[in-house]
Amino acid sequence: MKNTMHKYILMICRYILLVGITIQLHAQNPLIRDQYSADPSARVFGDRVYVYPSHDILATQERGRVGWFCMEDYHVFSSANLTDWTDHGVIVHQNKVPWVKPDSYSMWAPDCIYRNGKYYFYFPTTPKDTSYARGFTVGVAIADKPEGPFVPQPAPIMNVRGIDPNVFIDKDGQAYLYWSQGNIYGAKLKDNMVELASDPVVLGELPNRGLKEGPYLFERNGTYYLTYPHVENKIERLEYAIGDNPLGPFKITGVIMDESPTGCWTNHHSIIQFKDQWYLFYHHNDYSPAFDKARSIRADSLFFNTDGTIKKVTPTYRGIGVTKANTQIQIDRYNRISDGGASIAFLDTASKFQGWKTVLEATGAWVQYNSVDFGQKKRKSVTVRALAPEGGSLQIRIHDVEGPVVAEVPIAAGNDWQLVKAPLLHFEPGIQNLFVVAKDNNHIEVDWTGFE
Numbered sequence: 001m002k003n004t005m006h007k008y009i010l011m012i013c014r015y016i017l018l019v020g021i022t023i024q025l026h027a028q029n030p031l032i033r034d035q036y037s038a039d040p041s042a043r044v045f046g047d048r049v050y051v052y053p054s055h056d057i058l059a060t061q062e063r064g065r066v067g068w069f070c071m072e073d074y075h076v077f078s079s080a081n082l083t084d085w086t087d088h089g090v091i092v093h094q095n096k097v098p099w100v101k102p103d104s105y106s107m108w109a110p111d112c113i114y115r116n117g118k119y120y121f122y123f124p125t126t127p128k129d130t131s132y133a134r135g136f137t138v139g140v141a142i143a144d145k146p147e148g149p150f151v152p153q154p155a156p157i158m159n160v161r162g163i164d165p166n167v168f169i170d171k172d173g174q175a176y177l178y179w180s181q182g183n184i185y186g187a188k189l190k191d192n193m194v195e196l197a198s199d200p201v202v203l204g205e206l207p208n209r210g211l212k213e214g215p216y217l218f219e220r221n222g223t224y225y226l227t228y229p230h231v232e233n234k235i236e237r238l239e240y241a242i243g244d245n246p247l248g249p250f251k252i253t254g255v256i257m258d259e260s261p262t263g264c265w266t267n268h269h270s271i272i273q274f275k276d277q278w279y280l281f282y283h284h285n286d287y288s289p290a291f292d293k294a295r296s297i298r299a300d301s302l303f304f305n306t307d308g309t310i311k312k313v314t315p316t317y318r319g320i321g322v323t324k325a326n327t328q329i330q331i332d333r334y335n336r337i338s339d340g341g342a343s344i345a346f347l348d349t350a351s352k353f354q355g356w357k358t359v360l361e362a363t364g365a366w367v368q369y370n371s372v373d374f375g376q377k378k379r380k381s382v383t384v385r386a387l388a389p390e391g392g393s394l395q396i397r398i399h400d401v402e403g404p405v406v407a408e409v410p411i412a413a414g415n416d417w418q419l420v421k422a423p424l425l426h427f428e429p430g431i432q433n434l435f436v437v438a439k440d441n442n443h444i445e446v447d448w449t450g451f452e
């Protein structure tokens, strides 16, 4: 019954997207929690961050190539606070672009840029007319608003063969297009943003061994950072090279993010500055740990050393943004977790988009969740959704694992999920780091917690 209801809810969500109504999503990592998403291109337009990812779906015999990447459309998501994400629905579909091979399921990593009152969305896919290109080429769709509606151009960009388009506009107004096909290429764009203004050049001084793809270029303090996934060993890691010109030459400089410890073969990213903080957007196969062609986008903060080099980013579940105390705080998206007696697991392995739970089963086991905004008005109680077959008790603390006890939460014995409400013993306003601690050795599962 539970699985049937979940499928029914997903059907309703898909219908809502088709008729153009936006959906609000509350997220940590992964950012999007009701569908697969990959290859995030993040952009700051006005006072919001917009993310244009590709959209992984699971292939079937009638739909794509089983066991391979399968993508038929693009969504766009936006947020003003990096916590609450709005899904604006489908903006481009493979069978609504005049030049695309029908049912090719190859709508791979895109990008979007703003210029002269228009938003230009670049996407790679397979053309039905091989006179454009054999394999992949790159098309453009144009809109008046960052969420669309986008109108695809009748033909792709000429003289571009490859995937992973990225667009950069320099301080002098010159626009550049980058893409990959064995090598990483770059070329100037005309002012119309849909034609090349120069012949493509191979961006040299990059690794000459192992796959490299997914270029993303940005500028900071006069330095141009060419960033890209590269297979140094067996799977992709995120690397970068620096130069003093958008078309190089570039000098290999370092690693932004190491290979996935769980073996996700691809990574694809973008880097933005938003409200004085830099962020790395990337992807991982969170909802599909056994199949790395169904991925989910993530984001973590990014920092620079004083010499301009990038500090390596360690992936987190917590991600970015501030969580309001009166929401359902998903503590399984933690910053830190105790070495023993604490773990996370799917709520339902048959329906993974329901998310995760935290499992505590040793005295003193704990999980830490940072940046919870309690506001200024005093909170009076905490609610925990929990399950404890033999009963048990939790402590809610702030600051650190031995910090002030906010609440003591007894969990009655039972095999069903229950909402347990307990009074607050201590309150501090503002943004706090939260700790959920087991008081005994009993097995306790926690879905979420929230404050009123």
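Just so we're aligned, residue 1 is where the sequence shown starts under full-length UniProt numbering, counting upward by one. Yeah, the Cβ is synthetic: ideal placement off N, Cα and C, and Gly gets one too. Please read these numbers as outputs of a predicted model, since none were measured by experiment.
DSSP state of residue i mapped onto helix, strand, coil
{"i": "Asn-95", "result": "helix"}
{"i": "Gln-354", "result": "helix"}
{"i": "Asp-164", "result": "strand"}
{"i": "Pro-410", "result": "strand"}
{"i": "Met-257", "result": "strand"}
{"i": "Ser-131", "result": "coil"}
{"i": "Gly-214", "result": "coil"}
{"i": "Asp-447", "result": "strand"}
{"i": "Asn-433", "result": "strand"}
{"i": "Glu-402", "result": "coil"}
{"i": "Tyr-36", "result": "coil"}
{"i": "Phe-136", "result": "coil"}
{"i": "Ser-288", "result": "coil"}
{"i": "Ser-296", "result": "strand"}
{"i": "Arg-209", "result": "coil"}
{"i": "Tyr-282", "result": "strand"}
{"i": "Ser-393", "result": "strand"}
{"i": "His-230", "result": "strand"}
{"i": "Val-194", "result": "coil"}
{"i": "Cys-112", "result": "strand"}
{"i": "Phe-150", "result": "coil"}
{"i": "Ala-386", "result": "strand"}
Exposure of residue i, with buried meaning 16 or more beta-carbon neighbours within 10 Å
{"i": "Thr-314", "result": "exposed"}
{"i": "Lys-275", "result": "exposed"}
{"i": "Phe-435", "result": "buried"}
{"i": "Asp-416", "result": "exposed"}
{"i": "Gly-377", "result": "Here residue 377 is Lys; the residue named in the question, Gly, does not match the sequence. Per the 10 Å Cβ criterion, exposed."}
{"i": "Val-202", "result": "exposed"}
{"i": "Phe-291", "result": "exposed"}
{"i": "Phe-303", "result": "exposed"}
{"i": "Trp-68", "result": "exposed"}
{"i": "Leu-425", "result": "exposed"}
{"i": "Gln-418", "result": "exposed"}
{"i": "Met-158", "result": "exposed"}
{"i": "Gly-375", "result": "exposed"}
Residue i versus residue j: straight-line alpha-carbon distance, rounded
{"i": "Arg-333", "j": "Asn-192", "result": "43 Å"}
{"i": "Arg-237", "j": "Leu-394", "result": "39 Å"}
{"i": "Ile-331", "j": "Thr-449", "result": "7 Å"}
{"i": "Thr-86", "j": "His-268", "result": "22 Å"}
{"i": "Lys-439", "j": "Phe-451", "result": "20 Å"}
{"i": "Asp-300", "j": "Phe-218", "result": "17 Å"}
{"i": "His-443", "j": "His-230", "result": "42 Å"}
{"i": "Ser-338", "j": "Arg-48", "result": "35 Å"}
{"i": "Gly-148", "j": "Ala-38", "result": "20 Å"}
{"i": "Cys-264", "j": "His-284", "result": "6 Å"}
{"i": "Phe-123", "j": "Glu-195", "result": "14 Å"}
{"i": "Val-66", "j": "Ile-57", "result": "11 Å"}
{"i": "Ile-21", "j": "Tyr-105", "result": "The predicted position of Ile-21 is uncertain, since its pLDDT is 46 and thus under 50; no value can be drawn from it."}
{"i": "Asn-441", "j": "Thr-266", "result": "39 Å"}
{"i": "Lys-380", "j": "His-75", "result": "40 Å"}
{"i": "Leu-177", "j": "Ser-270", "result": "15 Å"}
{"i": "Lys-421", "j": "Asn-326", "result": "13 Å"}
{"i": "Asn-233", "j": "Pro-261", "result": "13 Å"}
{"i": "Gln-94", "j": "Glu-72", "result": "5 Å"}
{"i": "Ile-169", "j": "Ala-175", "result": "4 Å"}
{"i": "Arg-43", "j": "Ile-310", "result": "19 Å"}
Below-7 Å beta-carbon distance, residue i vs any chain B residue
{"i": "Pro-315", "result": "In the structure shown, chain B cannot be found, because there is only a single protein chain."}
Distance cut-off 6 Å: residue i Cβ against heavy atoms of the ligand ADP
{"i": "Gly-375", "result": "The model depicted lacks the ligand ADP and carries no ligand whatsoever."}
- Message: Under 8 Å, with one C-beta from each stretch per pair, do the stretch 309–326 and the stretch 395–409 reach the 3-pair mark?
- Response: Two segments are said to touch when three or more pairs of C-beta atoms, one from each, lie closer than 8 Å; by this definition the stretch 309–326 does not touch the stretch 395–409.
- Report yes or no: do three or more beta-carbon pairs, one from the stretch 340–349 and one from the stretch 385–392, lie closer than 8 Å? Under the 8 Å Cβ criterion, the stretch 340–349 does not count as touching the stretch 385–392, having fewer than three qualifying pairs.
- Message: I'd like to know if the stretch 76–84 and the stretch 103–110 are in contact, where contact means that at least 3 CB-CB pairs between them fall below 8 Å.
- Response: With a cut-off of 8 Å, the stretch 103–110 and the stretch 76–84 do not count as touching, because too few Cβ pairs lie within range.
- Task: Please list the segments of the beta strand (DSSP E) lying wholly inside the stretch 167–192, counting only runs of 3 or more residues, in order along the chain.
- Result: Restricted to the stretch 167–192, the beta strand (DSSP E) segments that are unbroken, complete and at least 3 residues in length are 175–181, 183–189, listed in chain order.
- Decide yes or no for the touch test of the stretch 131–145 against the stretch 278–297: beta carbon pairs closer than 8 Å, at least 3 of them. Contact fails: fewer than three Cβ-Cβ distances are below 8 Å.
- Query: Which ranges would you report for the beta strand (DSSP E) in the stretch 303–370 if only whole runs of at least 3 residues count?
  - Reply: 342–346, 356–360, all fully within the stretch 303–370.
- Message: For the stretch 407–422 against the stretch 364–372, do three or more pairs of beta-carbon atoms, one drawn from each stretch, fall closer than 8 Å, so that the two count as touching?
- Response: Verdict: no, contact absent.
- Message: I'd like the ranges of any alpha helix (DSSP H) spanning at least 4 consecutive residues and lying wholly in the stretch 45–99.
- Response: Taken in chain order, the whole alpha helix (DSSP H) runs of length 4 or more contained in the stretch 45–99 number zero.
- Query: Does the pairing of the stretch 245–258 with the stretch 203–212 give three or more beta-carbon distances under 8 Å?
  - Reply: Contact between the stretch 245–258 and the stretch 203–212 is present, because at least three Cβ pairs lie under 8 Å.
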